[in-house]
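Engineer:
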Amino acid sequence: MEFNQLLPLLLEGIKETLYMTVLSTVFSYLLGIPVGVILFITDKNGVWECKPINMILGIIVNLARSIPFIILLVAILPFTKAVVGTTIGSNATIVPLVVAAAPFIARMVQSSLKEVDAGVIEAALAMGSSPLQIIWNVLLPEARPSLMIGCTIAITTILGYSAMAGFVGGGGLGAIAVNYGYYRYQTNIMFITVALLVIIVQIFQEIGMKLANKTDKRIKNS
Amino acid sequence: MEFNQLLPLLLEGIKETLYMTVLSTVFSYLLGIPVGVILFITDKNGVWECKPINMILGIIVNLARSIPFIILLVAILPFTKAVVGTTIGSNATIVPLVVAAAPFIARMVQSSLKEVDAGVIEAALAMGSSPLQIIWNVLLPEARPSLMIGCTIAITTILGYSAMAGFVGGGGLGAIAVNYGYYRYQTNIMFITVALLVIIVQIFQEIGMKLANKTDKRIKNS
Amino acid sequence: GCSKAEDKESDDKTIVVGAGITPHAEILEQVKDVLAQEGYTLEIVEYNDYVLPNTALNDGELDANYFQHQPYLDDFNQENKTNMVSAASIHFEPFGIYAGKTSSISDLAEGAKVAIPNDTSNEARALLLLEAQGLITLKKDAGLTATVLDIEENPLNLEIEEIEAAQIARALSDVDIACINGNYAIQGGLSVSDALAVESADSLAASTYANILAVNAGHENDEKIQALVKALQSEEVRKFIQDNYDGAVVPVF
Amino acid sequence: MIRIENVSKAFQTSKDEIKAVSHINLTIEDGSIFGIIGLSGAGKSTLVRCINLLERPTKGKIFLNNIELTALPPKQLRKEREKIGMIFQQFNLLEQRNAIRNVCYPLEIAGVSKKEAMIKAEKLLKLVGLEDRMNNYPSQLSGGQKQRVAIARALATDPQVLLCDEATSALDPNTTRSILDLLKSINESMGVTIVVITHEMKVVEQICNRVAVLDQGCVVETGEVKDIFLSPKSRIAQELILPKNKGIASLQGKRIVRLAFDGQSSFEPVIANLVLKCQTMVNILGASTEDVGGKAFGQMLLQLPDDELAIARVKNYLDSIGINYEESDVNGI
Amino acid sequence: MIRIENVSKAFQTSKDEIKAVSHINLTIEDGSIFGIIGLSGAGKSTLVRCINLLERPTKGKIFLNNIELTALPPKQLRKEREKIGMIFQQFNLLEQRNAIRNVCYPLEIAGVSKKEAMIKAEKLLKLVGLEDRMNNYPSQLSGGQKQRVAIARALATDPQVLLCDEATSALDPNTTRSILDLLKSINESMGVTIVVITHEMKVVEQICNRVAVLDQGCVVETGEVKDIFLSPKSRIAQELILPKNKGIASLQGKRIVRLAFDGQSSFEPVIANLVLKCQTMVNILGASTEDVGGKAFGQMLLQLPDDELAIARVKNYLDSIGINYEESDVNGI
Ligand SMILES: Nc1ncnc2c1ncn2[C@@H]1O[C@H](COP(=O)(O)OP(=O)(O)OP(=O)(O)O)[C@@H](O)[C@H]1O
Ligand SMILES: Nc1ncnc2c1ncn2[C@@H]1O[C@H](COP(=O)(O)OP(=O)(O)OP(=O)(O)O)[C@@H](O)[C@H]1O
Ligand SMILES: [Mg+2]
Ligand SMILES: [Mg+2]
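Chains as they are written, first to last, in my numbering: chain X, 16 to 237; chain G, 16 to 237; chain F, 865 to 1117; chain Y, 1028 to 1360; chain C, 1028 to 1360.
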């Protein structure tokens, strides 16, 4: 393929990759954080201990995480159609990406919250905080650095998954890499797209870690 | 498909899924833990701060994480062949699974280690511990609960990836679900395999969380 | 997003076609300019999957798709209670048996490894080709959806490995022989002439497995579909196929 | 009024059960400052944590103003907890909030507007001497500074009850004194009930009305500070309260008397007068007295002469000027 | 010998720079017990953390036995650090190790076999009174118990130097006393140099030889404990050391003398003799004395009569029995 053909393809690929990845991450977090928080607070010794909810939610999360992505994608087609009005293209990729990533993120969030110092939660309880206030004012802010690192990990994972966009005719660098590099044996295009992917990941990673470190007030800036 | 055909298929599938997932997880951790530890200790304010190593390793990790799995799989075929002597079958799936999962795990490990109390590391430093002693006696044991939860998250992610085993003629429940349920519309087989996957994930999850909670000595067992 | 999809459907000048990546999308690329001169915009949606292009067509997201053969479409229609039909046959990809560790079919030893594709249509086709070579026999009713589970007799106890179609060429050195789609064989550095056995262009397989342009029933005579068919079945396309695919893709018009 | 009724708390460990507090009955009157003392590990923290149910007692009931906390559903319990401030032994500050926002936290959850909360928090931080460190995060503060933030935080919502678990343990004597003055003044001006765990007997002497002595999870002694500090009955209380005079084996058989000053004017030269009037030698074995607002507080250990007559004179004199004293046995102290 | 040469440490915060310690010069002799006192936030912890380079000084040098720690490469620094035990203000115990394994940690990294380490750790935990809590994790221990584990851990490797940052702040007086005895005895028997940060002046009086007073990051006074405690020059030292006598405005113009007992026998009835011999009235305004092993330690504030002659007699008498005293100004205390 010639350069003047390749360039627009790659530019389009970058745009779509960013579009899918960022939107999917945002929506996954909108869904994943509440689920993760509920998993944490309803767990044993949680501030709102509730065995049944914890178990049911846990199973739902595991369910969504066990289904192979391609099967999930097909299974929720009607849902995808209802949400974004189409079953092809990048928008149609976002829906299954979110459904697949949200439970993963829920588990990451749950893990971050588990690291919040029990003494601090106790102090908040002693002041008469409600579970909601504890979530909002203690758990999430105190776990912020860890949540941010989790987000950095998640966004890269989602970016990886977005390569499967090709399945639904979506685009993005991942799909280009697979379609040209894997199916068409055009290694040079594959190299370029992979290099672009690495750069994007590197940028996300740097930003994520910087933010996490910068907002982490436990770190002594000496 | 009849039952007497299905049963051995499923049993084989379970066996291969467990085989691939467990082995991949073990090897990914063998690789991911040292990498994650090095990422952590060579970072700014780390016990063995070293900007160049940190940067280079970070880029390598990001590189491996950016490459779409299917391309990774192809790219390392010669390596796979060198390691397991073949490029097809479950064993050939394990190699790319490890290469794909290890950097993910490295990031998870790095994130867990970041949560270790700086005061404790300081105390160890004050006693004249070497970086290796700090890693071995402080960082890893203190982060153990968080590492275990990370492992639970990772094993499920790897199990999800193992559904791609079908690409190289590997087996496992994921591949069965895709090949029979998805391509051949045998929804009943799909349901059964997905149910089995859910059960396996559920078991891993329960064991992981139990172990993490049980070994977490910060938790008051009241 | 909602309105956009409906615009596409109602728009008489835009043709949205779902296509397999190679060679389908590449062949479609060749007719973009011709159609443009006639006032049509051709939008190609690439799929590396065999199910979603059909569901999308059935949903009206696509005007046509081009990736499958008639038997697969029939099977899909039956399983999913859909009603899609062929508007035209375009090309045929001869399937071949290629040598891996073992250099001829007659040399195959007991327990030899045979790689075949793992997707429905290609797997069945590969098994049928093996049966035609007298290596195995399949159950009577297996037909075009045959899987390894349908093998009745396997005198050499061949070990059948199901692998992603595009992957087989890369794994050739690990098996004794492999059944490979023509286009993947070529892209993998093989040549159709090296094949130990091949479906010939005038065989029954050629007509059965010809790749078709599928549309929803009732639309086969739409103006834009007709324009697309005309463009695809042109001499330019024939020449393109013959020049570029080295016998791995054969025009059937 | 806080009523602790037959409260026990046991912790399960892998090996055995640890009875941190057992069968405790205590009543803490409104507006009083109640001290809790005991050896390390006696169960002081656990008992106080039982009061606001951070630790659910394994047995027994807790009442606050005749409401049984142990029987309340979560929501009401939260309402009651808002009335109870607590200073933790380990501070438990929010690591990701700076000092002033830590103090704002209880105000925010009580629904006070952000602006008002900031004003109040600023005032409190000034009170504890941290006006110039308000924007620092806990990791940037010294031990004592963190403790003072925790104190300000506990006072933010003007609680009815204040639980202080070693609230001045990380503070120097000066800061301690000003914090104690602060506690005393809010106790007097607003009638706040204060429960003080401390290992500094001076703190108890200076601000507490009543005191309970814990030993191995049990209350071994409780009462007015001046009574208990004058004549502690239990071995633990004696060990904690009385000045320790180790190695005075040679005093065996000698007569020793302990004077307790609980606010007598220190201008009246008690000892000098005693010596002059009784014309007898007394030796000050140990003393810990302090002049607070012109009044003497503390205690003094005198060794009396061997002469019975002289002793009688001394006692007479002490009686006549109204000083509490107690004859004590060297072995007992 | 620890030599601190012109050491400064500044912390960068988002807004400004905090000079935690500035231009400090100190020499701590081998085998001495060196106290560091100061208000909360004075820079005590920072200074001590600079000694073993947990905090890298922004300026200045640290020497241990004439080896410049600040110039050592990591490996040698580790070797030197093995000789320095440290007790942290916040304990910093390993949360996932039980008490005994926490004490074993420094032994393990020093290469002691696991078995020997356990024996040593057990012995140490017994010394600090935790023989029955050895298998408990830090989260299962009380504040004072954690502190004692930290003490045992710091002693495990028989360090040459021991840095104690408020090592007894969470302990009751009895336990404090036994820990101080322990420190004193290892100091005497093994010549360990001990640096003690504390806010309990009693601790300094009881175990320290020398003391440095920190204020806002600077050493404002340093010297022998008996000198500084007898006549503190700086305002901060006076505030910290002298018994606070607030509100004795009526004493204005009265003559006050402060006696410092640094080990005189308490059997010699100093005050009674003074009164009898000088036939004058003295008033004990405040006292803090203690009998340790038959010796009197501490100080006493006496109000003298207005009569100049009587005052001269008193001074003569004090001189004759060799008691250190100082006339002080009410305003100054
Ligand atoms: N979670 C727990 N699990 C097991 N034992 C515990 C737990 N919490 C406290 N204990 C034990 O209960 C006893 C009382 O502890 P508590 O913290 O109340 O002591 P304390 O009087 O506050 O001591 P200190 O003055 O040292 O703080 C101690 O022996 C302690 O080890
Ligand atoms: N990491 C930091 N960032 C900013 N300021 C700090 C940091 N660490 C300490 N400080 C400040 O430096 C000063 C000295 O702190 P340091 O901990 O040495 O005090 P300290 O004398 O030990 O006090 P305390 O008796 O309260 O423990 C304090 O004002 C403190 O707020
Ligand atoms: Mg306590
Ligand atoms: Mg300090």
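By construction, the Cβ of each residue, glycine as well, lies at the ideal position given by its N, Cα and C atoms.
Suppose you measure from the CA of V124(G) to the CA of A1126(C); what does that come to, to the nearest Å?
Structural biologist: If I take the Cα positions, the gap works out to 27 Å.
Engineer: Using a threshold of 9 Å, state whether the C-beta atoms of M35(G) and G187(G) are closer than that.
Structural biologist: Going by C-beta atoms, M35(G) is nearer than 9 Å to G187(G).
Engineer: With a threshold of 16 other CB atoms inside 10 Å of the CB of G189(G), please say whether the residue is buried or exposed.
Structural biologist: Buried, since its Cβ has 16 or more Cβ neighbours within 10 Å.
Engineer: Using a Cβ-Cβ distance cut-off of 9 Å, determine whether T167(X) contacts chain G.
Structural biologist: Chain G, which has a Cβ nearer than 9 Å to the Cβ of T167(X), makes this yes.
Engineer: Three Cβ pairs or more, each shorter than 8 Å: is that satisfied between the segment 81–99 of chain G and the segment 41–48 of chain G?
Structural biologist: Taking 8 Å as the limit for Cβ pairs, the verdict is that the segment 41–48 of chain G does not touch the segment 81–99 of chain G.
Engineer: Does the CB of D1334(Y) have a neighbour CB from chain C at under 9 Å?
Structural biologist: Output row for D1334(Y): interface = no.
Engineer: Comparing C-alpha positions only, which one of V193(X), G165(X), D58(X), L162(X) sits nearest to S177(X)?
Structural biologist: Minimum Cα distance to S177(X) is reached at V193(X).
Engineer: Looking at F956(F): is its Cβ nearer than 9 Å to the Cβ of A1033(F)?
Structural biologist: For F956(F) and A1033(F), no; Cβs fall outside 9 Å.
Engineer: What do you reckon, are the CB atoms on N1119(Y) and G134(X) nearer than 9 Å?
Structural biologist: Taking 9 Å as the Cβ cut-off, N1119(Y) and G134(X) qualify as a contacting pair.
Engineer: Take L1209(Y) and list the residues in its own chain whose beta-carbon comes closer than 7 Å to its own, dropping the five residues that flank it on each side.
Structural biologist: Once the five neighbours on either side are set aside, the close Cβ partners of L1209(Y) are L1154.
Engineer: Compare the beta carbon distance of Q1174(C) and K232(G) with 9 Å and say whether it is the shorter of the two.
Structural biologist: No, they are not a contact pair.
Engineer: Quick check: is the beta carbon of R1083(C) nearer than 9 Å to any beta carbon in chain G?
Structural biologist: Answer no: the Cβ-Cβ gap between R1083(C) and chain G never drops below 9 Å.
Engineer: Taking 9 Å as the threshold (C-beta atoms), are T1184(C) and A1299(Y) in contact?
Structural biologist: No, the Cβ-Cβ distance between A1299(Y) and T1184(C) is not below 9 Å.
Engineer: Could you tell me whether the Cβ of E910(F) comes closer than 9 Å to any Cβ of chain G?
Structural biologist: Cβ-Cβ to chain G under 9 Å: no for E910(F).
Engineer: I'd like to confirm something about D1160(C): is its beta-carbon nearer than 8 Å to some heavy atom of ligand 1, or not?
Structural biologist: A small fix is needed here, since residue 1160(C) is Arg in this sequence, not Asp. Yes - ligand 1 has a heavy atom lying nearer than 8 Å to the Cβ of R1160(C).
Engineer: Does the segment 1041–1060 of chain Y come into contact with the segment 1097–1116 of chain Y, if we say contact requires no fewer than three beta-carbon pairs (one atom in each stretch) closer than 8 Å?
Structural biologist: Output reads no: the segment 1097–1116 of chain Y does not touch the segment 1041–1060 of chain Y.
Engineer: What separation, rounded to the nearest whole angstrom, lies between the Cα atoms of A1030(F) and T102(G)?
Structural biologist: C-alpha separation (whole angstroms): 14 Å.
Engineer: Tell me the residue span of the alpha helix (DSSP H) that contains M1145(C).
Structural biologist: Looking at the DSSP string, the run of the alpha helix (DSSP H) that includes M1145(C) is 1141–1154.
Engineer: Is the beta carbon of G1250(C) closer than 9 Å to that of T1202(C)?
Structural biologist: In this structure, G1250(C) does not lie closer than 9 Å to T1202(C) by Cβ.
Engineer: Should the segment 215–223 of chain G be called in touch with the segment 48–57 of chain G, which here means at least 3 C-beta pairs below 8 Å?
Structural biologist: No, the segment 215–223 of chain G does not touch the segment 48–57 of chain G.
Engineer: Can you name, in chain order, every residue of its own chain whose Cβ lies under 7 Å from the Cβ of T919(F), other than the five neighbours on each side?
Structural biologist: Cβ neighbours of T919(F) beyond the five flanking positions: none.
Engineer: Where does Y1352(Y) fall in DSSP's three states?
Structural biologist: Strand at Y1352(Y).
Engineer: Name, please, each residue of chain D whose Cβ falls closer than 7 Å to the Cβ of V183(X).
Structural biologist: Of the protein chains in this structure, namely X, G, F, Y and C, none is chain D.
Engineer: Taking 8 Å as the cut-off, does the CB of Q1172(Y) come closer than this to any heavy atom belonging to ligand 3?
Structural biologist: Outside the cutoff, so no.
Engineer: Using only the alpha-carbon positions, how far apart do I1065(C) and F1061(Y) sit?
Structural biologist: In the sequence as presented, Ile is not what sits at residue 1065(C); that position holds Gly. Whole-angstrom Cα-Cα distance: 29 Å.
Engineer: Let me confirm a value: R1128(C) is counted as buried when at least 16 other C-beta atoms fall within 10 Å, else exposed. Which label applies?
Structural biologist: Classification for R1128(C): buried.
Engineer: If you scan the segment 1304–1351 of chain Y from start to end, which runs of the beta strand (DSSP E) of 3 or more residues do you find wholly inside it?
Structural biologist: Segments of the beta strand (DSSP E) lying fully in the segment 1304–1351 of chain Y: 1310–1319, 1322–1330.
Engineer: Please check the pair A1047(C) and M1113(C), which I expect to be a contact at CB under 8 Å, by giving their CB distance rounded to whole angstroms.
Structural biologist: The Cβ separation is near 18 Å, so there is no contact.
Engineer: Would you say T11(X) reaches chain G, if we count a Cβ-Cβ gap shorter than 9 Å as a contact?
Structural biologist: Absent from the structure is residue 11(X), since the part of chain X shown begins at 16 and ends at 237.
Engineer: By the 9 Å beta-carbon criterion, what residues does the segment 36–63 of chain X contribute toward chain G?
Structural biologist: Answer in chain order: D58, K59, N60.
Engineer: Can you find the residues in the same chain that come closer than 6 Å, C-beta to C-beta, to N69(X), ignoring five residues on each side of it along the sequence?
Structural biologist: Hits under 6 Å: T57, D58.
Engineer: Beta-carbon within less than 7 Å of G903(F)'s beta-carbon, same chain only, minus the 5 sequence neighbours each way: which residues are those?
Structural biologist: Once the five neighbours on either side are set aside, the close Cβ partners of G903(F) are K877.
Engineer: Is the beta carbon of S1380(C) within less than 8 Å of some heavy atom of ligand 3?
Structural biologist: Nothing about residue 1380(C) can be reported from this structure: the residues present for chain C run from 1028 to 1360 only.
Engineer: Verify the CB distance criterion: does A138(X) have a CB-CB separation below 9 Å to chain F?
Structural biologist: Taking Cβ atoms only, chain F never reaches closer than 9 Å to A138(X), which makes this a no.
Engineer: Just to check, is the beta-carbon of A1264(C) closer than 8 Å to a non-hydrogen atom of ligand 2?
Structural biologist: Not under cutoff, so the answer is no.
Engineer: Pick out the complete alpha helix (DSSP H) segments inside the segment 1083–1152 of chain Y, 4 residues or longer, and give them in chain order.
Structural biologist: The segment 1083–1152 of chain Y contains these whole alpha helix (DSSP H) runs: 1101–1108, 1126–1136.
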